Structure formats: C-alpha cells, structure tokens
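Below: one structure, written as structure tokens.
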Amino acid sequence: MIDGNNLLHSLPSSERSRADVRQMVLETVRYERLQVTVVFDGPPPDGSPKVEHLGRVTVQYSGSSSADDVILRVLPDGSRASEWVVVTDDRELGNRVRDRGGRVRSLGEWHSRRPKPPRRPTHEPKLSSHDIAEWKAYFSGERKNDSD
Numbered sequence: 056m057i058d059g060n061n062l063l064h065s066l067p068s069s070e071r072s073r074a075d076v077r078q079m080v081l082e083t084v085r086y087e088r089l090q091v092t093v094v095f096d097g098p099p100p101d102g103s104p105k106v107e108h109l110g111r112v113t114v115q116y117s118g119s120s121s122a123d124d125v126i127l128r129v130l131p132d133g134s135r136a137s138e139w140v141v142v143t144d145d146r147e148l149g150n151r152v153r154d155r156g157g158r159v160r161s162l163g164e165w166h167s168r169r170p171k172p173p174r175r176p177t178h179e180p181k182l183s184s185h186d187i188a189e190w191k192a193y194f195s196g197e198r199k200n201d202s203d
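Using our numbering, the first residue of the sequence shown is number 56, and each one after it goes up by one.
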C-alpha cells in the first residue's frame with residue numbers, strides 16, 4: 056500500500072497531482088507482479104469513484120477518514136500483516152504499521168525501484184547513399200519487394 060499524499064508531496068512541483076501519482080504507480084507496476092493500493096486523503100475528484108480498480112493498481116480515497124486510518128484498517132492482523140508493505144515516510148504511520156507486524160518501505164526505496172525512462176541513442180545511425188536509394192526505390196514502387 057502506498058500513502059498517496061505522502062508520495063504526492065515528495066514529487067517535484069511540476070508533477071504534483073493525484074493523477075500524476077496514479078500514472079506513476081501504474082507505470083511502475085507494469086513491469087512487476089505486484090498488487091498495489093494507493094490511498095489518498097479526502098474525497099475523490101468530482102465524477103470519480105471512491106475506489107478505482109485499474110488492473111493491479113487500486114486507487115482509494117479516504118473520504119472523511121484519514122488515509123492513515125484506511126491503511127491501518129485494511130492491514131491484516133497477526134502473521135498475515137508481515138506479507139504487506141506500506142510505502143510512506145510518515146514516521147507515525149510507519150511505527151503503527153510495524154507495531155501491527157507489517158513492513159514499511161521509504162519513498163526513496165520506492166522511487167529507486169521505478170523503471171528508468173529508456174535511453175535515447177546518443178547518435179542516429181547514418182544511412183549510406185546506397186541505402187537511401189534502395190529505400191526510395193522501394194517506397195516509390197520502382198523496386199519490387201522480395202516476396203513479389
């Protein structure tokens with residue numbers, strides 16, 4: 056589970072919206088086999104449901120409760136709590152999760168697991184004049200392709 060508002064406030068100001076957090080989490084879990092619930096404080100945006108299921112990501116809004124209370128309510132008791140990880144830098148929430156047997160990861164740890172954007176090539180490969188002539192002939196219809 057991710058403390059959504061805590062994650063939101065850790066982002067640069069240009070990326071600070073609930074929609075940005077939602078998209079970031081979706082992109083992160085795309086490559087991992089994780090079930091993730093992001094809990095935001097407060098009501099959902101107008102026209103949005105209180106709970107949104109997006110494949111392996113669930114986005115939940117706490118309504119009149121705090122997100123911390125929702126996270127603690129969902130966290131199972133006993134030995135099953137150790138199977139859960141809560142991502143937050145909120146010290147009080149982290150302590151309460153640990154007291155119940157859950158695990159806590161910092162936002163820094165979560166950010167470090169995020170996929171890096173693909174690197175662009177440092178240079179574009181050059182086509183030879185022969186290659187360019189071949190492609191021009193192919194696309195202009197002057198050259199038949201090999202299957203014709």
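Glycine included, every Cβ here is placed at the ideal spot set by N, Cα and C. These numbers were taken from a predicted model, which means no experiment stands behind them.
{"Query": "Count the other C-beta atoms from every protein chain shown that fall within 10 angstroms of the C-beta of L62, then say buried if there are 16 or more, exposed otherwise.", "Result": "buried"}
{"Query": "Hey, R160 and V142: beta-carbon distance below 8 Å or not?", "Result": "yes"}
{"Query": "Taking the CB atoms as reference points, tell me whether A136 and L130 lie closer together than 8 Å.", "Result": "yes"}
{"Query": "Is D144 near the ligand MG, judged by its Cβ being under 7 Å from some heavy atom?", "Result": "The model on display carries no ligand, and the ligand MG is accordingly not part of it."}
{"Query": "Do D29 and D145 have their C-beta atoms closer together than 8 Å?", "Result": "In this structure the chain extends from 56 to 203, so residue 29 is not present and cannot be described."}
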